[in-house]
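Undergrad: Below is a structure I'd like to ask you about.
Number of protein chains: 2
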Amino acid sequence: MENKQVLLVRRPEGMVKDDDFSIVTVPVVPITEGQVLVQNEWISLDPAMRGWMNAGTTYIRGVALGEVMRAFGAGYVVESRHPDFAKGDAVQGLTGVQQYAVVEGHVLTKADARAFPLSWYLGILGMPGLTAYFGLLDKGHPQAGDTILVSGAAGMIGSLAGQIGKLKGCTVIGIAGGREKCRYVTEELGFDACIDYKEADVAAAIKAIAPKGIHIYFDNVGGEILDAAMLNLATGARVVICGAISQYNDAAFNGLKNYMKIVSARGTISGIIVFDYFPRAQEAISDLGRWLQEGRIRYREHITEGLENFPAVLRMLFTGENYGKLILKL
Amino acid sequence: MENKQVLLVRRPEGMVKDDDFSIVTVPVVPITEGQVLVQNEWISLDPAMRGWMNAGTTYIRGVALGEVMRAFGAGYVVESRHPDFAKGDAVQGLTGVQQYAVVEGHVLTKADARAFPLSWYLGILGMPGLTAYFGLLDKGHPQAGDTILVSGAAGMIGSLAGQIGKLKGCTVIGIAGGREKCRYVTEELGFDACIDYKEADVAAAIKAIAPKGIHIYFDNVGGEILDAAMLNLATGARVVICGAISQYNDAAFNGLKNYMKIVSARGTISGIIVFDYFPRAQEAISDLGRWLQEGRIRYREHITEGLENFPAVLRMLFTGENYGKLILKL
Numbered sequence: 067m068e069n070k071q072v073l074l075v076r077r078p079e080g081m082v083k084d085d086d087f088s089i090v091t092v093p094v095v096p097i098t099e100g101q102v103l104v105q106n107e108w109i110s111l112d113p114a115m116r117g118w119m120n121a122g123t124t125y126i127r128g129v130a131l132g133e134v135m136r137a138f139g140a141g142y143v144v145e146s147r148h149p150d151f152a153k154g155d156a157v158q159g160l161t162g163v164q165q166y167a168v169v170e171g172h173v174l175t176k177a178d179a180r181a182f183p184l185s186w187y188l189g190i191l192g193m194p195g196l197t198a199y200f201g202l203l204d205k206g207h208p209q210a211g212d213t214i215l216v217s218g219a220a221g222m223i224g225s226l227a228g229q230i231g232k233l234k235g236c237t238v239i240g241i242a243g244g245r246e247k248c249r250y251v252t253e254e255l256g257f258d259a260c261i262d263y264k265e266a267d268v269a270a271a272i273k274a275i276a277p278k279g280i281h282i283y284f285d286n287v288g289g290e291i292l293d294a295a296m297l298n299l300a301t302g303a304r305v306v307i308c309g310a311i312s313q314y315n316d317a318a319f320n321g322l323k324n325y326m327k328i329v330s331a332r333g334t335i336s337g338i339i340v341f342d343y344f345p346r347a348q349e350a351i352s353d354l355g356r357w358l359q360e361g362r363i364r365y366r367e368h369i370t371e372g373l374e375n376f377p378a379v380l381r382m383l384f385t386g387e388n389y390g391k392l393i394l395k396l
Numbered sequence: 067m068e069n070k071q072v073l074l075v076r077r078p079e080g081m082v083k084d085d086d087f088s089i090v091t092v093p094v095v096p097i098t099e100g101q102v103l104v105q106n107e108w109i110s111l112d113p114a115m116r117g118w119m120n121a122g123t124t125y126i127r128g129v130a131l132g133e134v135m136r137a138f139g140a141g142y143v144v145e146s147r148h149p150d151f152a153k154g155d156a157v158q159g160l161t162g163v164q165q166y167a168v169v170e171g172h173v174l175t176k177a178d179a180r181a182f183p184l185s186w187y188l189g190i191l192g193m194p195g196l197t198a199y200f201g202l203l204d205k206g207h208p209q210a211g212d213t214i215l216v217s218g219a220a221g222m223i224g225s226l227a228g229q230i231g232k233l234k235g236c237t238v239i240g241i242a243g244g245r246e247k248c249r250y251v252t253e254e255l256g257f258d259a260c261i262d263y264k265e266a267d268v269a270a271a272i273k274a275i276a277p278k279g280i281h282i283y284f285d286n287v288g289g290e291i292l293d294a295a296m297l298n299l300a301t302g303a304r305v306v307i308c309g310a311i312s313q314y315n316d317a318a319f320n321g322l323k324n325y326m327k328i329v330s331a332r333g334t335i336s337g338i339i340v341f342d343y344f345p346r347a348q349e350a351i352s353d354l355g356r357w358l359q360e361g362r363i364r365y366r367e368h369i370t371e372g373l374e375n376f377p378a379v380l381r382m383l384f385t386g387e388n389y390g391k392l393i394l395k396l
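If you're matching them up, the sequences are chains B and Y in order. Quick note: the first sequence, position 62, residue 128 per the numbering used here, numbers continuous. Quick note: the second sequence, position 211, residue 277 per the numbering used here, numbers continuous.
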C-alpha cells in the first residue's frame with residue numbers, strides 16, 4: 067500500500083514556497099503494538115504550522131528537515147493494535163500531511179462522525195475551536211457588558227471567539243480585511259461592528275466605536291493592529307495573544323511598540339497554548355456542539371483538494387484568501 | 067515670603083535640558099480652607115517624572131507648560147487650615163519642585179521623622195518603596211524557590227525589589243551597569259548574582275546563571291534588556307513592567323520584540339501603577355520599616371543640593387550616574 071507524504075525539506079525564509087516541501091510516495095510501514103494506522107480524509111491548515119517549520123523549540127519542537135510536515139488530520143482507522151481503537155473508527159489527531167499515518171494510539175481522539183461532519187473535528191470541534199473557546203473564556207474572562215475586540219475576525223478562531231463573546235453578553239467588534247469579510251462578520255456572524263483594516267485607521271476606528279475602551283483584545287494577527295488595539299484598552303484590559311499571522315512570514319518580526327499601555331491600563335497580556343487545554347477538551351466540545359445544534363453559532367469551512375496542493379493552500383492562510391476554516395480534502 | 071519654583075516651560079525632546087525649565091521667584095500665596103503650606107526640605111527625583119513632562123494623559127495628566135514641575139517632596143507644615151495637620155508636622159506628598167507648597171491637605175501624608183530620616187519618606191518609605199513592594203509582591207507573586215531577575219538593580223526600586231525577593235526565599239539576579247554597581251548589588255544588597263549589561267551579552271548571561279529560566283522579571287529599564295529577559299522565561303513567568311528608563315528620553319520608543327515569548331511561557335505581562343496602592347500604603351510602610359529596623363534590608367541615598375540644580379540632577383537618573391535613591395536637599 068502506497069503512502070503519499072509531504073515532507074518539510076527546507077526552512078522557509080519569509081513566505082512559504084513550494085520548494086520548502088517535497089512530495090514523496092513511500093510504502094506504508096507495518097504498525098507495532100500500541101499503534102494505529104489511519105487513512106486521512108482531511109488535513110487541517112492552521113497558522114501555527116508556520117512556527118512549526120522553524121528550527122528550534124518553542125512550545126513544541128520544530129519539524130525536522132526530511133520529516134513529514136506536522137498537521138492535524140481526520141480520517142478512519144484502517145488497522146489498530148491499540149485497545150481503544152478499532153477498524154472503521156473516525157479519529158482526529160496529529161497525523162501529518164500524508165495519506166496514511168502510523169501513529170501511537172494515545173495521540174488520537176475519536177470523533178463522532180454521525181453527530182457532525184468529520185472535518186469539523188479539525189475546526190470548530192478540534193484544535194482551533196478549543197483555542198477560541200479556552201482563549202476567550204479562560205484567558206479573557208469575559209463578563210456580560212464587556213467590549214471585546216477580535217482581529218482575524220473572519221478567520222476560524224476569530225470568528226468563533228467573537229461569537230462566543232456574543233453568547234456571553236458582550237459587545238463584540240471584529241477586525242477583518244475587506245468590505246465583504248466585514249459584511250460576513252457583522253451580518254452572518256452577528257458581531258456588533260467590524261473594522262476593515264485595509265480601509266480604516268484602525269486605532270481611530272476602535273476609538274470611535276468603543277470610546278470607553280476595550281476590555282478584551284483577542285489577537286490573531288500581531289503587528290500594527292495589535293499596537294492599535296493597545297492604544298484603546300479599558301482599565302483592567304486582558305490582551306490575549308492567540309497568534310501573530312501578519313508576522314509569521316516576516317523575518318523582521320515587528321515588536322509591540324505600545325506595550326507600556328498595559329501598565330497604564332492596569333491590564334495583563336497573556337497567551338493561549340491550546341495543547342495545555344487538551345485534558346479539558348470535552349468541556350469545549352460539549353458546549354460548542356450544543357451551540358452548533360441550537361444554531362447559536364455559525365461555522366464555515368473553506369475546502370480545497372489534493373495533497374500535492376498543500377504548499378499553495380498553506381499560503382492562502384497568510385494572504386488572507388480564505389474564509390472560515392481552511393482544510394484540504396484528500 | 068518668597069518662593070523659588072521650578073516651572074516646566076518646554077516639553078523635552080529626547081534628553082531633558084536645562085532650558086526645559088525656568089526657575090522663578092514668586093510670593094507665597096495665602097492658603098485657603100482645607101489647604102496646608104509646606105516648606106520643602108527634600109525633593110524626590112524619580113524616573114516617572116520624565117513621563118509627566120510629556121503632553122497628554124497616561125495614568126496621570128502631563129504637567130502643563132508654565133506649571134510647577136510635579137514632584138514628591140518632604141518637609142514641615144508652616145501653616146495649616148486642614149484639621150489633620152498642624153504647624154511643625156513632618157509630611158510628604160506631591161508638593162512640586164519648589165521651596166514652599168500650598169497643597170490640599172488630603173494629598174499629604176504625615177511622616178514619622180523620629181523613627182526614620184524624613185527624606186526616607188520620599189524613597190524606601192514613600193512612592194518608590196511602595197512601587198517595589200507592591201510591584202514585586204502583588205504583581206510578581208514570588209514563591210520561595212523562584213528565580214527573580216531585576217533590572218536597574220542598583221537603583222532605588224530595583225535594589226529594594228530584589229532585597230524583598232531575597233526575604234521571600236527567592237534566588238535574585240540583578241542587572242546593573244558597571245562592575246562597581248554589580249559589586250554593590252551582590253556584596254552589599256545580597257543579590258545572588260548581578261549581570262553587568264555594559265560588558266555582558268545579557269540574554270546569554272541570564273541563560274548561564276538561570277538555565278531553568280526566570281519566574282519573575284521585574285523590569286525598570288525596557289528596551290533590549292527587556293527583550294533579553296523575554297528569551298529566558300520559565301513556565302508561568304510573571305513579567306512586571308515597572309518602568310522603561312532606557313526609553314524615556316528616546317523619541318523612537320523601542321518595541322518589545324519578543325512579546326510572543328509570553329505565550330510559549332504561559333506567562334503574563336502586567337505593570338505596576340503605585341497610585342493604585344496608596345490606600346494600602348501602611349501595609350508596605352509597616353513591613354519596610356520593620357525590615358529596616360531589623361537590618362534585613364539596606365537603603366542608600368544619593369543626596370544632591372540646590373533647587374537650581376534640579377535639571378542637571380534629573381538627568382543623572384537617565385545617565386545612570388546615581389547610586390540608590392536620588393534626592394535633592396533644599
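Glycine included, every Cβ here is placed at the ideal spot set by N, Cα and C.
Under a three-way DSSP split, which group does residue 99 of chain B fall into?
TA: Residue 99 of chain B falls in the coil class under three-state DSSP.
Undergrad: When the Cα atoms are used, what is the spatial distance from residue 297 of chain Y to residue 76 of chain Y?
TA: Those two C-alpha atoms are separated by around 39 Å.
Undergrad: With a CB to CB cut of under 7 Å and the five nearest residues on each side skipped, what residues in its chain are close to residue 220 of chain Y?
TA: These residues qualify, in order along the chain: 242, 247, 250, 251, 389.
Undergrad: Helix, strand or coil: how does DSSP classify residue 391 of chain B here?
TA: It is a strand residue.
Undergrad: Could you give the first and the last residue of the continuous alpha helix (DSSP H) run that contains residue 246 of chain B?
TA: Taken as a continuous stretch (DSSP letters only), the alpha helix (DSSP H) holding residue 246 of chain B covers 245-249.
Undergrad: Chain B partners of residue 320 of chain Y, CB-CB under 9 Å?
TA: Result: 321, 323.
Undergrad: Going along chain Y in order, which residues have a C-beta closer than 7 Å to the C-beta of residue 332 of chain B?
TA: Those are 339, 342, listed as they occur along chain Y.
Undergrad: Assess contact between the stretch 137-152 of chain Y and the stretch 110-118 of chain Y, defined as three or more Cβ pairs (one per stretch) separated by less than 8 Å. Is contact present?
TA: The stretch 137-152 of chain Y vs the stretch 110-118 of chain Y: in contact.
Undergrad: Please look up how many angstroms separate the CB atoms of residue 314 of chain Y and residue 295 of chain Y, rounded, as I've assumed it's under 8 Å.
TA: Not really, about 18 Å apart at Cβ, beyond 8 Å.
Undergrad: For residue 138 of chain Y, which beta-bridge partners are listed by DSSP?
TA: For residue 138 of chain Y, which the question treats as bridged, DSSP gives the partners Y/160.
Undergrad: Quick check on residue 377 of chain B: does DSSP put it in helix, strand or coil?
TA: Of the three classes helix, strand and coil, the one that applies to residue 377 of chain B here is helix, per DSSP.
Undergrad: Can you tell me whether DSSP reads residue 194 of chain B as helix, strand or coil?
TA: Residue state, collapsed to three classes: helix.
Undergrad: Shortest alpha-carbon distance to residue 322 of chain B belongs to which of Y/292, Y/279, Y/119, Y/350?
TA: Closest option to residue 322 of chain B, Cα to Cα, is Y/292.
Undergrad: How would you write the range of the beta strand (DSSP E) that residue 304 of chain Y sits in, first residue to last?
TA: Looking at the DSSP string, the run of the beta strand (DSSP E) that includes residue 304 of chain Y is 299-307.
Undergrad: Would you say the beta carbon of residue 195 of chain Y comes nearer than 8 Å to a heavy atom of the ligand GTP?
TA: Looking at this structure, you won't find the ligand GTP or any other ligand, since it has none at all.
Undergrad: Expressed to the nearest angstrom, what Euclidean distance is found between the alpha-carbon atoms of residue 268 of chain B and residue 155 of chain B?
TA: Those two C-alpha atoms are separated by around 47 Å.
Undergrad: Over the uninterrupted beta strand (DSSP E) stretch that includes residue 280 of chain B, give me the two end residues.
TA: Note, residue 280 of chain B: beta strand (DSSP E), 280-285.
Undergrad: Which residue's Cα is closest to the Cα of residue 255 of chain Y: Y/195, Y/88, Y/361?
TA: When only C-alpha atoms are compared, the closest one is Y/361.
Undergrad: Taking Cβ to Cβ, would you say residue 202 of chain B is nearer than 9 Å to residue 214 of chain B?
TA: Yes, the pair counts as a contact, with Cβ atoms nearer than the cut-off.
Undergrad: According to DSSP, is residue 343 of chain B part of a helix, a strand, or is it coil?
TA: In the structure shown, residue 343 of chain B sits in a helix (DSSP, three-state: H, G or I).
Undergrad: For residue 310 of chain Y, return the contacting residues in chain B, with the cut-off set at a CB-CB distance below 8 Å.
TA: Under the 8 Å cutoff, chain B gives 326.
Undergrad: Does the Cβ-Cβ distance between residue 129 of chain Y and residue 373 of chain Y come in under 9 Å?
TA: Not in contact: residue 129 of chain Y and residue 373 of chain Y (Cβ atoms no closer than 9 Å).
Undergrad: So if I threshold CB-CB distances at 8 Å, which residues from the stretch 99-133 of chain Y count as touching chain B?
TA: Correct list: 124, 125.
Undergrad: Return yes when the Cβ of residue 286 of chain B is within less than 9 Å of the Cβ of residue 308 of chain B, no when it is not.
TA: Contact flag set, yes.
Undergrad: Mind checking residue 120 of chain Y: buried by the 16 CB within 10 Å criterion, or exposed?
TA: Burial call: exposed.
Undergrad: Excluding five sequence neighbours on each side, which residues of the same chain lie with their C-beta closer than 7 Å to the C-beta of residue 153 of chain B?
TA: Cβ within range, chain order: 143, 144, 145, 146.
Undergrad: Quick check: is the beta carbon of residue 288 of chain Y nearer than 9 Å to any beta carbon in chain B?
TA: By this cut-off, residue 288 of chain Y is an interface position.
Undergrad: With distance defined between alpha-carbon atoms, name the residue in B/355, B/197, B/380, B/193 nearest to residue 178 of chain B.
TA: The residue with the shortest Cα to Cα distance from residue 178 of chain B is B/355.
Undergrad: Going by the CB atoms, is the gap between residue 95 of chain Y and residue 168 of chain Y shorter than 9 Å?
TA: Yes, the Cβ-Cβ distance between residue 168 of chain Y and residue 95 of chain Y is below 9 Å.
Undergrad: Can you tell me the Cα-Cα spacing of residue 227 of chain B and residue 197 of chain B, whole angstroms?
TA: Answer to the nearest angstrom: the Cα atoms are 9 Å apart.
Undergrad: Kindly list the residues whose CB is nearer than 6 Å to the CB of residue 224 of chain Y, restricted to its own chain and excluding five residues on each side of it in sequence; keep chain order.
TA: The answer, listed in chain order, is 216, 218, 286.
Undergrad: Given this structure, state the Cα-to-Cα distance separating residue 417 of chain B from residue 344 of chain Y, to the nearest angstrom.
TA: In the structure as shown, chain B starts at 67 and stops at 396, and residue 417 of chain B therefore has no counterpart that could be examined.
Undergrad: Of the choices B/276, B/80, B/161, B/382, whose alpha-carbon is the least far from that of residue 319 of chain B?
TA: Residue 319 of chain B has its Cα closest to that of B/80, out of B/276, B/80, B/161, B/382.
Undergrad: Whose C-beta lies closer than 6 Å to the C-beta of residue 365 of chain B among residues of the same chain, with five residues either side of it excluded?
TA: Closer than 6 Å at the Cβ level, and outside the excluded window around residue 365 of chain B, lie 190.
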